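One structure is given below, encoded as structure tokens.
Residue numbers (my numbering), protein chains in the order written: chain V, 250 to 549; chain E, 250 to 549.
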């Protein structure tokens with residue numbers, strides 16, 4: 250399973266980065282291969298200063314070894330080894346009419362000291378963060394998410410859509426990071442779902458990513474925008490930073506377990522603003538976005 | 250003591266904001282008075298888009314009531330009430346040759362349910378974050394810090410200088426946030442120091458702030474700078490954000506205990522950049538700054 254999934258994310262990284270380069274038409278991903286001293290490593294691919302993408306990364310990693318102390322405590326286990334691999338991506342477009350997107354698909358195995366697997370699961374998801382809300386774009390993204398889910402179980406979309414809204418909640422701002430999508434974790438074998446079934450589900454979601462995001466980019470990337478709209482995008486990116494540095498479990502976990510900092514923090518936007526107590530005008534498109542983020546809605 | 254210290258920080262806020270407005274010559278502090286539903290409130294003063302100060306805040310607050318659950322756990326007490334007041338300031342100058350400064354002076358009282366004081370202490374400090382290092386500026390700031398300390402105890406400066414270097418350490422970057430200054434906490438009555446002695450010490454540090462910072466601003470505020478130097482400032486401000494959102498106990502405490510978000514996050518810089526895996530040129534002034542931040546030095 251781990252070999253199959255790692256082979257899958259390697260191929261998916263190639264597919265996604267070559268598609269995004271074709272859309273951008275200017276910038277190319279720069280690749281960094283890195284090794285983790287305790288075992289494993291990764292392949293980070295970052296794009297900067299493109300026509301479409303101002304900054305973004307599509308990274309894979311596969312790490313293994315002794316389970317770090319902090320993770321042992323977190324999982325309530327002792328003397329365990331682990332293997333974890335996954336693909337993480339974040340794309341920050343230049344044009345404020347094009348939403349930021351985040352996705353992650355990952356697989357985890359835990360072993361006892363004889364090397365026997367004692368636990369294994371998949372996790373991941375994909376979610377959209379617009380700066381100007383085009384309802385049809387949010388609906389399109391969610392329709393593709395739902396289509397990927399429905400082939401496997403009609404409960405998946407409503408369950409993982411709700412979890413996404415809950416997970417990407419900026420508690421100190423009392424609003425969602427964006428308009429959501431899917432979030433799932435600890436997908437383990439049950440009577441109705443084998444690990445192979447979960448593999449099929451997670452890879453189906455991974456395969457749906459370009460279909461979910463690319464049409465939105467194509468539709469919005471040539472739209473004109475003002476200095477004020479760009480400022481609004483940078484202010485909203487501040488909320489993205491706040492979520493990732495204050496609340497995101499993956500980011501904090503990476504920082505606390507001595508992960509590769511530059512790969513973890515590639516998620517942070519290129520240009521960001523913080524203004525004191527900023528409130529958009531009543532009835533403006535900016536205010537409309539905030540209202541939707543404060544009350545996550547059904548998009549499908 | 251609480252009335253005396255609150256009166257002191259009210260007056261200090263006036264002194265500091267009027268001095269800074271005079272230096273800026275353009276922008277004025279905007280005042281927001283806010284109330285805390287559970288008891289107390291504050292007076293937030295924020296400056297934006299000045300000639301000298303791009304963004305900054307000089308805030309006081311005095312809050313009281315039942316000790317929040319998270320604080321009860323933190324202090325290992327039950328059924329306690331509290332009073333806390335303090336002044337917090339952060340100034341982000343426009344010119345990258347002028348350092349960012351942070352200061353905080355605070356007083357805390359804890360009560361049992363009969364209203365008797367069961368514990369009380371002072372805390373605070375002040376520290377400097379340059380983007381381009383002028384060694385004479387860092388030395389000046391530390392000399393004033395030392396002078397304020399030495400009147401009270403010759404051990405204070407070396408002790409609190411070291412604590413400052415330790416506290417403002419960006420662990421995930423393995424570097425200090427800036428060139429330090431003073432940091433002290435839990436300053437309680439002992440055989441050699443009464444609470445009145447601590448009051449005298451903390452107010453002496455508070456009174457030293459303008460002498461420590463203003464001459465540096467005056468010296469650097471008219472210096473010319475390039476687009477590249479401004480970019481460097483914005484990249485370094487990203488590290489400031491990382492420290493404040495990932496590590497700073499005060500910020501995280503405020504976010505988790507439902508503090509006034511806009512007053513807490515006024516510390517975040519106005520314009521910030523994140524570039525992937527950015528490294529300054531060998532032998533450059535930018536690289537020199539990083540080397541100093543990686544190995545905190547003695548400035549006095």
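In this text, a Cβ means the ideal position worked out from N, Cα and C, and glycines have one as well. Quick caveat, the model's predicted, so the values are computed rather than measured.
query: When the Cα atoms are used, what is the spatial distance from residue 423 (chain E) to residue 518 (chain E)?; result: 21 Å
query: Going by DSSP, what residue range makes up the beta strand (DSSP E) through residue 276 (chain V)?; result: First-last for residue 276 (chain V): undefined, no H or E at that position.
query: What are the complete beta strand (DSSP E) segments, minimum 3 residues, inside the segment 415-460 of chain V?; result: 429-436
query: To which residues of the same chain is residue 447 (chain V) closer than 7 Å at the C-beta, ignoring the five residues directly before and after it?; result: 371, 436
query: Are residue 412 (chain E) and residue 488 (chain E) closer than 9 Å when you measure CB to CB?; result: no
query: Nearest-angstrom Cα distance between residue 331 (chain E) and residue 452 (chain E)?; result: 21 Å
query: Can you give me the C-alpha to C-alpha distance between residue 545 (chain V) and residue 530 (chain V), rounded to a whole angstrom?; result: 21 Å
query: Can you give me the Cβ contacts of residue 343 (chain E) inside the same chain, cut-off strictly under 6 Å, excluding the 5 residues immediately before and after it?; result: 303
query: Where do the ends of the alpha helix (DSSP H) carrying residue 368 (chain V) lie?; result: It is not in any alpha helix (DSSP H) - residue 368 (chain V) instead sits in the beta strand (DSSP E) that spans 366-378.
query: Look at the alpha carbon of residue 341 (chain E) and the alpha carbon of residue 543 (chain E), and state the distance between them as a whole number of angstroms.; result: 22 Å
query: Per DSSP, residue 336 (chain V) is paired with what?; result: V:309, V:354
query: Between which two residues does the beta strand (DSSP E) carrying residue 522 (chain E) extend?; result: 520-522
query: Once the 5 residues before and after residue 254 (chain V) are set aside, which same chain residues still bring their CB inside 7 Å of it?; result: 334, 356, 448
query: Listing by chain order, which chain V residues have their CB less than 8 Å from the CB of residue 494 (chain E)?; result: 490, 491, 494, 495
query: Please list, in chain order, all residues of the same chain as residue 434 (chain V) whose beta carbon is under 7 Å from its beta carbon, the five residues on each side excluded.; result: 372
query: Determine the DSSP secondary structure at residue 548 (chain E), reduced to helix, strand or coil.; result: coil
query: What's the call for residue 265 (chain E), buried or exposed, on a 16-neighbour Cβ count within 10 Å?; result: buried
query: Should residue 493 (chain E) go down as buried or exposed, given a rule of 16 or more other Cβ atoms within 10 Å for buried?; result: buried
query: Looking at C-beta atoms only, is the number of pairs between the segment 452-471 of chain E and the segment 376-392 of chain E that lie closer than 8 Å three or more?; result: yes
query: Which class does residue 408 (chain V) belong to by DSSP, given the choice of helix, strand or coil?; result: helix
query: What does the alpha-carbon distance come out to for the pair residue 280 (chain E) and residue 301 (chain E)?; result: 19 Å
query: What residues of chain E sit near residue 521 (chain V), judged by a beta carbon separation below 7 Å?; result: 521
query: Helix, strand or coil for residue 341 (chain V)? Go by DSSP, reduced to three states.; result: strand
query: Would you mind stating whether residue 514 (chain V) and residue 523 (chain E) have Cβ atoms separated by less than 9 Å?; result: yes
query: Whole angstroms are fine: how far does the CA of residue 350 (chain E) sit from the CA of residue 454 (chain E)?; result: 14 Å
query: What's the call for residue 395 (chain V), buried or exposed, on a 16-neighbour Cβ count within 10 Å?; result: buried
query: Can you tell me the Cα-Cα spacing of residue 439 (chain V) and residue 402 (chain V), whole angstroms?; result: 13 Å
query: Would you call the CB atoms of residue 276 (chain E) and residue 299 (chain E) closer than 9 Å?; result: yes
query: How many angstroms separate the CA atom of residue 377 (chain V) from the CA atom of residue 368 (chain V)?; result: 31 Å
query: Going by beta-carbon coordinates alone, are residue 450 (chain E) and residue 346 (chain E) separated by less than 9 Å?; result: no
query: Any idea which residues DSSP pairs residue 282 (chain V) with across the strands?; result: V:292
query: Tell me, please, whether the CB atom of residue 356 (chain V) is closer than 9 Å to any CB atom in chain E?; result: no
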